[in-house]
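Trainee: First the structure, then my questions, so here it is.
Set out below in structure tokens:
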């Protein structure tokens, strides 16, 4: 009787050169794994060469940013100071950029409050406000001080390469909420939008 030939479930080794000492046979799985590693490494090199950092939404070409006190065209004063401070904190928390004075900064982020609106969307039977809505509108510009070019290309462009941002907050006086609380919420929302526009578009 002829001996029964059994089939092995192991992957067949890829042929290798027999000149000199025989290297360890490589299976197709090993070769595919090596190709995947090489592809990932080359992709990372390309992204780094374009000024991107893998896993980071911010450009590596910018290291510092100057944030002067925002301007305010509205008669309600003080909010521009709160907003400037909130933006500076968001930059420190969310970005790799460092705050710096203008003479030595790579970029400059400027802003101007164009209007603050407070309206009453809901009243009780005695015409007392049950709900108030605070809206802050502003223009923001981020420019490269080294080249004079505008970096920001997100949101809605206005005249002068400005970006239009609006922060809205609603509060209920009957629930014990205050205008100060609503203002803080609107300012925080705006600060996050402003820093969000500093991300690199993919």
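Numbering (this note's numbering), first residue to last: 2 to 203.
Quick reminder that beta carbons are idealized off the backbone N, C-alpha and C, glycines included.
Leaving out the 5 sequence neighbours to the left and right, which residues in its chain are closer than 8 Å to residue 114 when beta-carbon positions are compared?
Mentor: By the criterion of a C-beta distance shorter than 8 Å, residue 114 is surrounded in its chain by 71, 72, 73, 74, 75, 80, 81, 84, 137, 138 and 139, once the five residues flanking it on both sides are discounted.
Trainee: Using only the alpha-carbon positions, how far apart do residue 201 and residue 63 sit?
Mentor: 11 Å
Trainee: List the whole-angstrom C-beta distance separating residue 93 from residue 100, where the pair is believed to meet the contact cut-off of C-beta under 8 Å.
Mentor: 7 Å
Trainee: Which residues bound the beta strand (DSSP E) around residue 65?
Mentor: 65-67
Trainee: Can you tell me the Cα-Cα spacing of residue 144 and residue 119, whole angstroms?
Mentor: 31 Å
Trainee: Suppose contacts are defined by Cβ-Cβ distances below 9 Å. Is residue 96 in contact with residue 196 by that definition?
Mentor: yes
Trainee: Would you kindly work out how many angstroms separate the C-alpha atoms of residue 107 and residue 199, rounded to a whole number?
Mentor: 14 Å
Trainee: Under three-state DSSP, which class holds residue 60?
Mentor: coil
Trainee: For residue 78 and residue 181, I'd like the C-alpha separation in whole angstroms.
Mentor: 13 Å
Trainee: Does the beta-carbon of residue 57 have 16 or more other beta-carbons within 10 angstroms, so that it is buried, or is it exposed?
Mentor: exposed
Trainee: Since residue 65 contacts residue 98 with CB under 8 Å, what's their CB separation in whole angstroms?
Mentor: The Cβ separation is near 6 Å, so the contact holds.
Trainee: Check the C-beta distance from residue 146 over to residue 193 and give it rounded, since I have them as a contact under 8 Å.
Mentor: So it is not a contact: roughly 24 Å between Cβ atoms.
Trainee: Tell me whether residue 116 is buried or exposed, calling it buried when 16 or more other Cβ atoms sit within 10 Å of its Cβ.
Mentor: exposed
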